[in-house]
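Participant: So that we are looking at the same thing, I have put the structure below in structure tokens.
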Amino acid sequence: MENKEPASTAPHDSGEWLHALATRLFPICRSITGAGFRESLDIIGEQINDLSVKSVPSGTEVFDWTVPDEWNIRDAYIETPSGERICQLKDHNLHVMGYSLPIDQELSLEALNEHLYSMEDQPEAIPYITSYYTKRWGFCLKHEQREQLQLGTYRVHIDSTLEPGELNYGEVIIPGETDEEVFISTYLCHPSMGNNELSGPVVAVGLIRWLQSLPKRRYTYRIAIVPETIGSIVYLSRNLNHLQKHVVAGFNLTCVGDNNRYSYMPSRAENTLSDRVLQHALKHTDPDYHRYSYLTRGSDERQYCSPGVDLPVASFLRSKYGTFPEYHTSLDDMSFISAEGLESSVQLMQRVCLILENNLFWQTTVPCEPQLGKRGLYPTISMKNNYDPIRKMMNFIGYADGKRDLIDIAEKIGHPADELIELAGQMQENGLFAGHSNPQ
Amino acid sequence: MENKEPASTAPHDSGEWLHALATRLFPICRSITGAGFRESLDIIGEQINDLSVKSVPSGTEVFDWTVPDEWNIRDAYIETPSGERICQLKDHNLHVMGYSLPIDQELSLEALNEHLYSMEDQPEAIPYITSYYTKRWGFCLKHEQREQLQLGTYRVHIDSTLEPGELNYGEVIIPGETDEEVFISTYLCHPSMGNNELSGPVVAVGLIRWLQSLPKRRYTYRIAIVPETIGSIVYLSRNLNHLQKHVVAGFNLTCVGDNNRYSYMPSRAENTLSDRVLQHALKHTDPDYHRYSYLTRGSDERQYCSPGVDLPVASFLRSKYGTFPEYHTSLDDMSFISAEGLESSVQLMQRVCLILENNLFWQTTVPCEPQLGKRGLYPTISMKNNYDPIRKMMNFIGYADGKRDLIDIAEKIGHPADELIELAGQMQENGLFAGHSNPQ
Amino acid sequence: MENKEPASTAPHDSGEWLHALATRLFPICRSITGAGFRESLDIIGEQINDLSVKSVPSGTEVFDWTVPDEWNIRDAYIETPSGERICQLKDHNLHVMGYSLPIDQELSLEALNEHLYSMEDQPEAIPYITSYYTKRWGFCLKHEQREQLQLGTYRVHIDSTLEPGELNYGEVIIPGETDEEVFISTYLCHPSMGNNELSGPVVAVGLIRWLQSLPKRRYTYRIAIVPETIGSIVYLSRNLNHLQKHVVAGFNLTCVGDNNRYSYMPSRAENTLSDRVLQHALKHTDPDYHRYSYLTRGSDERQYCSPGVDLPVASFLRSKYGTFPEYHTSLDDMSFISAEGLESSVQLMQRVCLILENNLFWQTTVPCEPQLGKRGLYPTISMKNNYDPIRKMMNFIGYADGKRDLIDIAEKIGHPADELIELAGQMQENGLFAGHSNPQ
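Laid out in structure tokens, this is it:
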């Protein structure tokens, strides 16, 4: 395949725009099912083209799992012995344990304590707690508030429903010149937390908008916005054969909103095209990017890379889930992520896509070095040191054997792959290079 | 193949029992042939089931070698000019060079000196000297004793025979569920030395007793107790095709009786199953275990790993032959080895066998992670940090792709393989794992 | 193939003889074409047998290149306003830019300056400048001299011709027992410079004389003495299929005349037989030899290793072109190279050839270790430490499995390959080794 024009680098959305979108999504009470998730998908659908919202009925068997009932909640609070309402849902979505059963009951502080969740070591934060598959109810609160609770009779009120309904997810397909696919997944089920996880869907929106603005694409792009775990399992149960056949590279976006160091977690296979391109782009964006072991995984790569699924999905992260104190608490709020963080994360993924689009197996068309002087590409006077400026070009040519793809050559000669794209085009125009989709 | 019950860990013999057995064998005057070797085998045969004692006639051609005549000795001494008897066989077996011809003769000190062996740098030790294939006679003594010898006429007396007879070795076959074999070899020809070599046969006895006590075994175990070099060559000449066909792992036991650091010498191929399991067990028993190069070999692995034989035989050692000053001298006595050393060496080999027995290619039976919560194996509340206790299990599952065996997964996820056996069984009982004998 | 007698180590030429040959060639005004190149080849042809001088007409298409017109020069100088003649060709060949057009003209200093080349940072050196493919004229001089030039009218005189003629190169084929070839290339086009490049042809002459003195050779040796770049491209265009079919190892000789550290540049593939043997010989000659990256290449390996050519050509160098200040200036004169440097470079290449000649896949003829004692090759008394002197032999035998060649075994057991040649012969005479040309 020849790809004469490198994909254009259409301008991207500003960090402010991305941050504003996150701010709009933040207050919605999401869970793995329910109205909040659908409302969030609707807002996302306003920003991009062709978002398809899918629905799977509760009770559907998906591999070893069953889609749970749909959970919705309207109101919740605890009334103290003095009649004060605390832990109100309307104050913070995290005050109610996810998937809490409805309840309206009076009980002692001792009995209530069985249903309260707080963190002694982070007394100023509300923890994020869920119980999707075992029926419970509960409230989450700051430990410092819990310690103020007086003996007496409390009334707990949760106005929720847990009944057959549906699980939803969003899907965007951006067609390319080939049916080979780049797969991108992120998740949207967490209520009112910034880095984990609104950053993922928001960066995905920025990336989708850029991809849709390109005049053409070599690859077809498939983006899934799912509830974590059960959503990726549902998605795989519906698309496994297709994905295994078409996906050449895949990425899980999670915790990509803060502006701290860049991070990477390999796919299980560790050496897929996804791993190669992501590491290459990261290395040339931030030489100190952090590499996490697959042994520390905890997001949807657990499903995508599982035995029997085996998709080439690597993870792009900034501050990884589980490693920052604000993780899974009310402190992971809109101040934890930033316009700069969101924007630079979109840019990193654009760089990844740009390299993938041009990642051909370049091959010279003549034996020996071509005579570049007659084409104005080589100094016509031979003089000490005047080879240095063209060494990058000569090394690119010197490794263009049709057996190495662009990333491989870039790694070998020590230059960023995207800085070689223009050179490849120039060689191709001069009839000196052919670009192949597969090794020769 | 399914292996529902991991091999039981039957109790092992105490170090005291093992040390007592060594003490009983110590005084016997062994060589590569003769009555002492047979007597030693008989004592070993009392401790275990099914020891088969084999016999090969002198003169038998074995590859490039010929089985030598049988050597037996009844008495030996030197009578000094003053009539004192020194270097008496009855005082120490090492006083007589192995395979010494019979002699009874008077001679000057100068002439005698041609037949005396001592060590200037270890004046307090009697060296261990043999001359199996060139006919000689000689006496070995402490250098400090040699320096006291006065001028005069000496009488040397060696009452030995060297004549056609037989070479013997012992063999134990412990049948398993398959005809794939684990081969263990050790040697018994050294007289009155502890680490090199009584430790080898004694540890083999402890291991055989444990293997025979197991209710069943996946592998068939073949243990050979031979005279060094010529014995292993004889064994190979009789069994080479069978061994090449059936042996999946093999170990040479030598110098395993002292309680110093654990050591390992790879097979020539360096990456066989034997090498993998032995290194894995050693690493998790003693992170500082020493790895010797195959270039420093000096025991029967020289034959088992030789070109044209190519068996997967790695060596387990503690203080390696040639590296400790007491080696091949009268100082390598019963005080150099210990009950603790012998017992812990048996335990190390039990660990090796236990891992081998359970070293299946584990594979999950469903795509994606299984839902462990509904089986009581996963926390039902999702809460920060409560994934940590189950991470080992999730990582085991995450790599159970049917392409990696237990050792490989254990190395990848950083846990001892034997600590994963119970977990594998649990997964298998829940129908989530299948265990295969070969990669899928 | 059996190679019973290792190639003899015929005596080599003295460093003085080599240096004298370089001294004789030094004053000749060479370029990539012309009389000077032919005269130099003629002198070389007097020192060796069977030099064949080839001719290719100007205008011949060679891959992406065209053979240029032939350049010859008889005289050149600049006449200063005061009538003094400077930059005379007869004073130094480097004073005239290579391939300068004929000219005889008066012009101002300002106009002249457009045609002058000097180096501010090396004011005491005349630079080496050429313009092969773009028609120009120019003079090169010391910067300190240039700064003395007064305003006024200058006369420039270049008595040269640039017209259709021929390009020449030399070729020596030294037949061996097989049609597998060792290819050696060096270049001769630089005028009046010592390390880069007279050292290359002179070391090649020394090596050819030694190769031709050997009673026989396993390999056929092919040596090409070419003008750089266009010459190697011409050579490849005429011989590519043959070379790709027959060459098993190849070496580019450049900058091999100084007595500084030894250096190596890999072939593009990095792991060919050429790379293995050259690194092995270098390691055992100078453990601190320098390894250059292929990314820093700048000589004819650019053609030999280019995609589509892919010959196994590694480079042997001492002080590499571009890395020493004298490079491509009048300071790279006969004092920069030395008799010791030239002689030790020939010896290194002899060592390379000697190892290649004996680089068989050695294989033992019997399973197990052979009984060396009965052949007088092994101590007949077994005694602590008396294995050490024969460990090299036993390790050679222990790895002689027919799958490793001599170099591979030598690397594995840590001895120079050429020190194993005699041992291999001894084993072969005893019927214990067979030497194969290919892995078994």
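Residue numbers (my numbering), protein chains in the order written: chain A, 53 to 492; chain B, 53 to 492; chain C, 53 to 492.
Ideal Cβ placement from N, Cα and C applies to all residues, glycine included.
1) Could you tell me whether any Cβ in chain B is nearer than 9 Å to the Cβ of P58/C?
2) For P109/B, collect the residues of the same chain with a Cβ closer than 6 Å to its Cβ; drop the 5 residues on either side in sequence, then sort them by chain order.
3) Rounded to a whole number of angstroms, what is the C-alpha to C-alpha distance between S60/A and P267/A?
4) Classify L70/B: buried if its beta carbon has 16 or more other beta carbons within 10 angstroms, exposed otherwise.
5) When you compare the CB of P422/A with every CB in chain C, is at least one pair closer than 9 Å?
6) Measure from the C-beta of C307/C to each C-beta in chain A and report whether the shortest distance is under 9 Å.
7) Do the CB positions of P318/B and Y346/B come within less than 9 Å of each other?
8) Does R198/C pass the burial test, meaning 16 or more other C-beta atoms within 10 Å, or should it be called exposed?
9) Consult DSSP for N145/B and reduce its assignment to one of helix, strand or coil.
10) Checking 9 Å against the spacing of the C-beta atoms, do G283/C and D385/C come in under that value?
11) With a 10 Å radius around its C-beta and 16 neighbouring C-beta atoms as the bar for buried, classify N410/B as buried or exposed.
12) Whose C-alpha, out of S434/B, K335/B and I181/B, is nearest the C-alpha of H242/B?
13) Quick one: which unbroken beta strand (DSSP E) runs of 3-plus residues sit fully inside the stretch 211-266 of chain A? Chain order, please.
14) Of the residues that make up the stretch 397-418 of chain B, which ones have a beta carbon closer than 8 Å to any beta carbon in chain A?
15) Can you list, in chain order, the residues of its chain whose CB lies under 8 Å from that of L484/C, leaving out five sequence neighbours each side?
16) Would you say R274/C lies against chain B (beta-carbon separation less than 9 Å)?
17) Please list the segments of the beta strand (DSSP E) lying wholly inside the stretch 299-325 of chain B, counting only runs of 3 or more residues, in order along the chain.
18) Please report the distance separating the alpha-carbon of R370/C from that of C420/C.
19) Assign G454/B to buried or exposed, taking buried as 16 or more other Cβ atoms, counted over all protein chains shown, within 10 Å of its Cβ.
20) With respect to the alpha helix (DSSP H) encompassing W69/C, which residues constitute its N-terminal and C-terminal limits?
21) At 7 Å on the CB atoms, spell out the chain E contacts of D453/C, in chain order.
22) Using the beta-carbon count (16 or more within 10 Å), is I407/A buried or exposed?
23) Per DSSP, H342/B forms a beta bridge with which residues?
24) Give the single residue among L394/A, L475/A, Q99/A and T337/A whose Cα lies nearest to the Cα of S265/A.
25) Looking at the C-beta of S289/A, does it have a partner C-beta in chain B at a distance below 9 Å?
26) Using the Cα positions of Y271/A and L288/A, report the straight-line distance between them to the nearest angstrom.
27) Between which two residues does the beta strand (DSSP E) holding D453/B run?
28) Where does L493/A sit, in a helix, a strand or coil, going by DSSP?
29) What does I138/A pair with, by DSSP beta-bridge criteria?
30) Could you have a look at A276/A and say whether DSSP puts it in helix, strand or coil?
31) Distance, Cα to Cα, E463/B vs D457/B?
32) In the DSSP assignment, what residue or residues form a beta bridge with V105/B?
33) Kindly list the residues whose CB is nearer than 6 Å to the CB of N145/B, restricted to its own chain and excluding five residues on each side of it in sequence; keep chain order.
34) Pop quiz: H195/C and S170/C are said to be a contact at Cβ under 8 Å. What is the actual Cβ separation, rounded to whole angstroms?
35) Check whether the Cβ of D116/B lies closer than 9 Å to any Cβ atom in chain C.
36) Spatial neighbours of S315/C within its chain, please: CB distance less than 7 Å, with the 5 preceding and 5 following residues excluded, ordered by chain position.
Facilitator: Here's the rundown:
1) Residue placement at P58/C cannot be trusted, given a pLDDT of 40 that sits under 50; the coordinates are not used to answer.
2) E218
3) The pLDDT assigned to S60/A is 49, lower than 50, so where the model puts this residue is not dependable, and the model offers no usable value.
4) buried
5) yes
6) no
7) yes
8) buried
9) helix
10) no
11) buried
12) I181/B
13) 218-226 and 233-239
14) Q415, T416 and V418
15) T416, T417, V418, P422 and I449
16) no
17) 299-305 and 315-317
18) 45 Å
19) buried
20) G67 to L77
21) The chain labelled as chain E is not found among the protein chains of the depicted structure, namely A, B and C.
22) buried
23) S315/B
24) Q99/A
25) yes
26) 20 Å
27) D453 to D457
28) In the structure as shown, chain A begins at 53 and stops at 492. Residue 493/A is therefore absent and cannot be evaluated.
29) I130/A
30) strand
31) 10 Å
32) G222/B
33) C81, P243 and S244
34) 4 Å
35) yes
36) Y341, H342, Y344, L369, R370 and K372
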